[in-house]
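Undergrad: Below you will find the structure I want to go over with you.
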Amino acid sequence: MDRASGIPGPRRRRIATWSAATALALSVAGLAAAPASAADVNNVRNAGFESGLGNWTCTAGSGTTVSSPVHSGSAALKATPAGQDNAQCTQSVAVKPNSTYTLSAWVQGGYSYLGVTGTGTTDVSTWTPDSSSWKQLSTTFTTGAATSSVTVYTHGWYGQAAYYADDVSVYGPDGGGGGDPAPTVPAAPGGLSVSGTTSSSVSLSWSAVPGATGYNVYRDGTKVTAVTGTSATVTGLSASTSYSFQVTATNSAGESAKSAAVSGTTAATGGGGGGGGTLPKHAVTGYWQNFNNGAKVQKLSDVPAAYDIIAVAFADAAGTPGAVSFNLDSAGLGGYTVDQFKADIKAKQAAGKKVVVSIGGQNGTVSINDATSAANFANSVYSLMQTYGFDGVDIDLENGLNATYMTQALRSLSSKAGSSLIITMAPQTIDMQSTSNSYFQTALNIKDILTVVNMQYYNSGSMLGCDGKVYSQGSVDFLTALACIQLQGGLSPSQVGLGVPASTSGAGSGYVSPTVVNNALDCLAQGTGCGSFKPARTYPDLRGAMTWSTNWDASSGNAWSSAVGAHVHSMP
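Heads up, the sequence shown is in the working numbering, so the first residue is 119 and it goes up one at a time.
What follows is the structure in structure tokens.
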């Protein structure tokens, strides 16, 4: 969301310039790697960069090795894009013809890509946006009948921050070119703890294990889930019940011993259930601006009744890592006092509305990347809820987030606020292209306490739909085919909303008329009003729509909320 004006900042402009060819590469993101067989080897040489850049070639002198951060061992690659160079580092890897291989690497930092060319069949790649902690990229490829070597590459993105890479692997049949020693079975994870509970779930977190590519979670001795990160939420539990949990670490060499056990007891009642309280089945969300950027200045009492959830934009980063604060811009809002603001929140709530505080926006720099900052975030948001009467929180962090610790923070907040907590999210389109993206992971991690995800279908450029085709913003197809990714990726229909600008002034690009929004809602919920894309099934419980902002809507005579609001509330 834009604070200063309706014109997107540098981050938005970058995304809008991506080509359809680049977008097509996204279709392989998030592919699950096939398990390696006992006879497989890692055919990559100097996979952990322990020998500097030996066996690797980086463009324009962009690569070097560093001792921190590292995923394992004592070194990792650091490659820095500059100008028209995307900091690509490559290695020629010997392989066998007609064979299947698993390509993986651990990355951190700026936008990071991993891929392979020269396979003789289909070249593949995968990627991730900015990541503040180590994250594994993985995909598979098959060699052609005459293929004896392939080129493995990593690269970043133009003008973006340096990326780090470590523990690159091409597991499969021995290509005869030599490689690093086969991995050993990892050690048992340490630091297992309960990070949150509801009446039907227990959330866990633990410390990363060097050399591990995944983790298995056990409940009372029985494996219940497998994850690649260092956190998991075990759902489907009974209320007021104690369970014992253990975790193991895995890689291609095998599975570690189980960790020390921890006990977690579910809550008696409440603590989650998807949030929402008295929200209607179909709801409209609007962002209210706590600043003057040329849109009509409003008090909360001015926001039309068509809005069921009002997101107050924005809370700001405080001096303590992870903590946030809120300061009403009384001067910019024409003398609107804190007491009036609090009274207006209560009045909206008395009318059946929800008012949440939004964290982030285009310029927001709140960072939650460890247990301490996660606790600070939860404590500070809960304090704002108590001070102002907010019903919950909206996550609109447009500079990346850490799924592990944001999950921890929101579960901690849920344990404080209880089952009435409202949690909304407003990711950019790029953040919801794959379940491997941190935003999508976070949404799925907190699915049992999440109210709605209102993805921003604007300032985006072309993106992939769930059918693998590229769609341009500003159409019914763009809204429906991208919403389909979330619906097929694991979110409940009641947790999916369509986020659009209220007017052409509300965003740099991507405005669509209320008629287009209503057609997209009908297409997803009832199968009518579709464009060329029609979902395989309908989602009658679809939550509704969101707009940036109530102020820009007011500047246009509330045309958006009058049309879309009435349509949403009339949906069966």
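All C-beta atoms, glycine included, are put in the ideal place defined by N, C-alpha and C. In this text, all values refer to a predicted model and were calculated from it rather than measured experimentally.
With a threshold of 6 Å on Cβ separation, who are the neighbours of Leu142 within its own chain once the five nearest residues in sequence on each side are excluded?
TA: By 1-based counting over the sequence shown, the position of residue 142 is 24. Only weak support is given to the placement of Leu142: the predicted model assigns it a pLDDT of 38, under 50, and the value that follows is read from those uncertain coordinates. Excluding sequence positions up to five before and after Leu142, its CB lies less than 6 Å from no other CB in the same chain.
Undergrad: Counting along the chain, where does the beta strand (DSSP E) carrying Asp640 start and finish?
TA: Locating residue 640 in the sequence shown gives position 522, counting from the first residue. No beta strand (DSSP E) contains Asp640, which is instead part of the alpha helix (DSSP H) from 632 to 644.
Undergrad: Assuming the contact rule is C-beta atoms closer than 8 Å, Tyr454 and Asp488 should be a hit. Round their C-beta distance to whole Å, please.
TA: Here residue 454 refers to the residue found at position 336 when the sequence shown is read from its first residue. Here residue 488 refers to the residue found at position 370 when the sequence shown is read from its first residue. Rounded to the nearest angstrom, the Cβ distance from Tyr454 to Asp488 is 36 Å, too far for a contact under 8 Å.
Undergrad: Bridge partners for Asn160 per DSSP, in chain order?
TA: Here residue 160 is taken as the residue at index 42 of the sequence shown, counted from 1. Looking at the DSSP assignment, Asn160 forms a beta bridge with Tyr289.
Undergrad: Taking the beta carbon of His685 as the centre, do at least 16 other beta carbons fall within 10 Å, making it buried, or is it exposed?
TA: For the purposes of this step, residue 685 is taken as the residue at position 567 of the sequence shown. It counts as buried.
Undergrad: Give the single residue among Asn577, Ala521, Gly608 whose Cα lies nearest to the Cα of Ala492.
TA: Along the sequence shown, read from residue 1 onward, the residue named residue 492 stands at position 374. Nearest option by C-alpha distance: Ala521.
Undergrad: Work out the CA separation of Met503 and Ser443 for me, nearest whole Å.
TA: As a first step, residue 443 must be located in the sequence shown, where it is residue number 325. As a first step, residue 503 must be located in the sequence shown, where it is residue number 385. If you take the alpha carbons of Ser443 and Met503, they lie about 11 Å apart.
Undergrad: Helix, strand or coil: how does DSSP classify Gly628 here?
TA: Counting from 1 along the sequence shown, the entry for residue 628 is found at position 510. Residue state, collapsed to three classes: coil.
Undergrad: Below 8 Å on the Cβ atoms is my guess for Pro199 versus Trp252; work out the distance and round it to an integer in Å.
TA: Numbered from its first residue, the sequence shown carries residue 199 at position 81. Numbered from its first residue, the sequence shown carries residue 252 at position 134. Not a contact, Cβ separation roughly 19 Å.
Undergrad: What is the DSSP secondary structure of Val303, counted as helix, strand or coil?
TA: Taking the sequence shown and counting its residues from 1, the one referred to as residue 303 is at position 185. Correct three-state label for Val303: coil.
Undergrad: Whole angstroms is fine: what's the gap from Ser538's alpha carbon to Leu531's?
TA: What you label residue 538 is simply residue 420 of the sequence shown in a count that begins at 1. What you label residue 531 is simply residue 413 of the sequence shown in a count that begins at 1. Answer to the nearest angstrom: the Cα atoms are 11 Å apart.
Undergrad: What would DSSP say about Val682, mapped onto helix, strand or coil?
TA: As a first step, residue 682 is located in the sequence shown; it is residue number 564 there, counting from the start. Of the three classes helix, strand and coil, the one that applies to Val682 here is helix, per DSSP.
Undergrad: Between the Cα of Gln526 and the Cα atoms of Val225, Trp324, Gln202, which residue gives the shortest distance?
TA: Locating residue 526 in the sequence shown gives position 408, counting from the first residue. Among Val225, Trp324, Gln202, the Cα nearest to that of Gln526 is on Trp324.
Undergrad: Roughly how many angstroms lie between the CA atoms of Pro545 and Ile513, to the nearest whole one?
TA: Translated into the one-based positions of the sequence shown, residue 545 becomes position 427. Translated into the one-based positions of the sequence shown, residue 513 becomes position 395. About 8 Å.
Undergrad: Tell me whether Ser256 sits in a helix, a strand or coil according to DSSP, three-state version.
TA: Against the sequence shown, residue 256 aligns to sequence position 138. Looking at Ser256 - three-state DSSP - the assignment turns out to be strand.
Undergrad: Please go through the same chain and pick out, in chain order, the residues whose beta-carbon is closer than 8 Å to the beta-carbon of Ser593, but skip the five residues on each side of it.
TA: Along the sequence shown, read from residue 1 onward, the residue named residue 593 stands at position 475. Here the set comprises Val630, Val634, Gly649.
Undergrad: Using DSSP with H/G/I as helix, E/B as strand and the rest coil, what is Thr522?
TA: Numbered from 1 along the sequence shown, position 404 holds the residue referred to as residue 522. Here Thr522 sits in helix by DSSP.
Undergrad: Enumerate in chain order the residues of its own chain whose CB-to-CB distance from Asn563 is below 6 Å, with the five nearest sequence positions on each side excluded.
TA: Looking up residue 563 in the sequence shown gives position 445. If you ignore the 5 residues before and after Asn563, its C-beta comes within less than 6 Å of the C-beta of Thr351, Thr525, all in its own chain and listed in chain order.
Undergrad: Along the chain, which unbroken stretches of the alpha helix (DSSP H) at least 4 residues long are found entirely within the stretch 561 to 638?
TA: 594 to 607
Undergrad: Following the continuous beta strand (DSSP E) through Ala433, name the residue where it begins and the one where it ends.
TA: In the sequence shown, the residue the question calls residue 433 occupies position 315. For Ala433, the enclosing beta strand (DSSP E) stretches over residues 427 to 435.
Undergrad: When you compare only the Cα positions, how much space is there between Gly628 and Gln416?
TA: Numbered from 1 along the sequence shown, position 510 holds the residue referred to as residue 628. Numbered from 1 along the sequence shown, position 298 holds the residue referred to as residue 416. Rounded to the nearest angstrom, the two C-alpha atoms are 24 Å apart.
Undergrad: Considering only residues of the same chain and omitting the five flanking positions on each side of Gly191, which have a CB-CB separation below 6 Å?
TA: As a first step, residue 191 is located in the sequence shown; it is residue number 73 there, counting from the start. If we look at Gly191 and ignore the five residues flanking it on each side, its Cβ neighbours are Gly166, Glu168.
Undergrad: What does the Cβ neighbour count give for Ser249, buried or exposed, with the cut at 16 atoms within 10 Å?
TA: One-based indexing of the sequence shown puts residue 249 at position 131. Buried: at least 16 other Cβ atoms inside 10 Å.
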